[in-house]
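Remarks on the structure that follows.
Protein chains in written order, with our numbering: chain A, 28 to 393; chain B, 5 to 93.
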């Protein structure tokens, strides 16, 4: 069980801690006033990372070795200088800058590697706990990368890095919009494989193009790593081969649209989603906040609403703002309107920990 | 030596004291400052050495139009200000 929750918001990083009496409360606020796009606590090393997006001053990465009491500034992941005369354009002709716009994925691998996905499409890896990062060139230099485009952000963005729990050289990453890319050699080579995903926002002859799919979020089951769940722009998908091929799950209630997904760490058939109205309005269906849970691999879904607002609620949950702890019992999610809910029974019932936070970008058990 | 001064707002994030820095061009002055205070560089310039979108430079009261390169000459008594652009606010 995890008793700590890191909540990254538009105006700072909020740490919630559970008391012995079972009450969750804010125990620390870091970076108050600054946008924190994502945070990560690596239990193996005890190191906590926070990715900041300072409106005027760019993307920053901070590291704490004392649980958030103090933070060091690291050199944030950054592209190498663009070669003189080199022009880089998105498929629509706009410039594609070699510039990190946002930290949008942070994952610690069992072999000590720290993976960082970014808005603008760069994947970076650190092997010294964030002291230095290097751009994963084989992916950046792959000709297929040039087909990516923005979805949710102006630039293509790597939002999910799924590291295989027992073979950390096996990686699957999710890109909006660029499909699902795989490496089985620690990032030295990459291939696109997202068979079965479909994109109805594209012209008919591009609908099945694997390289332009918009998975909003990918999560891999820790105990059954071949099982990967995706909340995609066009619905929910399930993979049983590590994310290479996908089956569409059509019957998610009350909607197949959303951003976030979490998978039970031991039961690959149990996953949670936070549905919303597809896709221009992006508010809860009927203004009721609910969580959709499957326990049978997507054959059926329950709508979980106990403890969640059921009228006039316009909370949207972003892709990183839902998490489950290692027990599979504690589930938390936050919203764009500053609400944060927690369940200690796998979603059967929720408690509002706050309804007054800044807009929540990411929620993560520490 | 040109005097380099930063918006007070930046001090919240990184130490950036006003200092006199030698150099005949804006670029030389900025590089000289960043050599002394390496952390400040990434707050002002991005990884392509371009001025961040919402940062503006002034030399002797005039806004600098160059986003990169910074070839303009500065005098020994010039005042260089690194400010936030209101566009980012």
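Even glycine gets a Cβ: it sits at the ideal position worked out from N, Cα and C.
Rounded to the nearest angstrom, the Cβ distance from residue 166 of chain A to residue 208 of chain A is 7 Å, consistent with a contact under 8 Å. The count of Cβ pairs closer than 8 Å, one atom from the stretch 170-187 of chain A and one from the stretch 140-153 of chain A, reaches three, so the stretches are in contact. The beta carbon of residue 227 of chain A sits closer than 8 Å to the beta carbons of 234, 261 from its chain, once the five residues preceding and following it are set aside; these are given in chain order. Cβ neighbours of residue 72 of chain B within its own chain (closer than 8 Å, five residues either side excluded): 52, 53, 54, 55.
Residue 6 of chain B is a Cβ neighbour of residue 84 of chain B, given a cutoff of 7 Å. The beta carbon of residue 83 of chain A sits closer than 7 Å to some beta carbon of chain B. Taking C-beta atoms under 8 Å as the contact rule, residue 64 of chain A and residue 129 of chain A qualify, at a distance of about 5 Å. Per DSSP, the unbroken alpha helix (DSSP H) holding residue 12 of chain B starts and ends at 12-15.
The Cβ of residue 105 of chain A sits closer than 7 Å to at least one Cβ of chain B. In the structure shown, residue 173 of chain A adopts helical secondary structure according to DSSP, grouped into three states. The criterion of a C-beta distance shorter than 7 Å is satisfied by residue 296 of chain A and residue 324 of chain A.
When Cβ pairs closer than 8 Å are counted between the two stretches, the stretch 355-367 of chain A is seen to touch the stretch 29-37 of chain A, the count reaching three or more. In the DSSP annotation of this structure, residue 125 of chain A is not part of any beta strand (DSSP E), being labelled neither H nor E. If only complete runs of 3 or more residues are kept, the stretch 312-366 of chain A shows the beta strand (DSSP E) at 318-321, 329-331, 349-351, 358-361, in order along the chain. Within the stretch 34-53 of chain B, the residues whose Cβ lies closer than 8 Å to any Cβ of chain A are, in chain order, 43, 46, 47, 48, 50, 51, 52, 53. According to DSSP, residue 143 of chain A shares a beta bridge with A/133, A/151.
Boundaries of the alpha helix (DSSP H) around residue 47 of chain B: 42-48. Cα atoms of residue 70 of chain A and residue 162 of chain A: separation of roughly 25 Å, rounded to the nearest angstrom. Classified as buried, residue 311 of chain A has 16 or more neighbouring CB atoms from the shown chains inside 10 Å of its CB.
For the 7 Å CB-CB criterion, residue 335 of chain A and residue 309 of chain A do not form a contact. Taking a Cβ-Cβ cut-off of 9 Å, residue 89 of chain A has no neighbours in chain B, whose nearest Cβ is about 10 Å from it.
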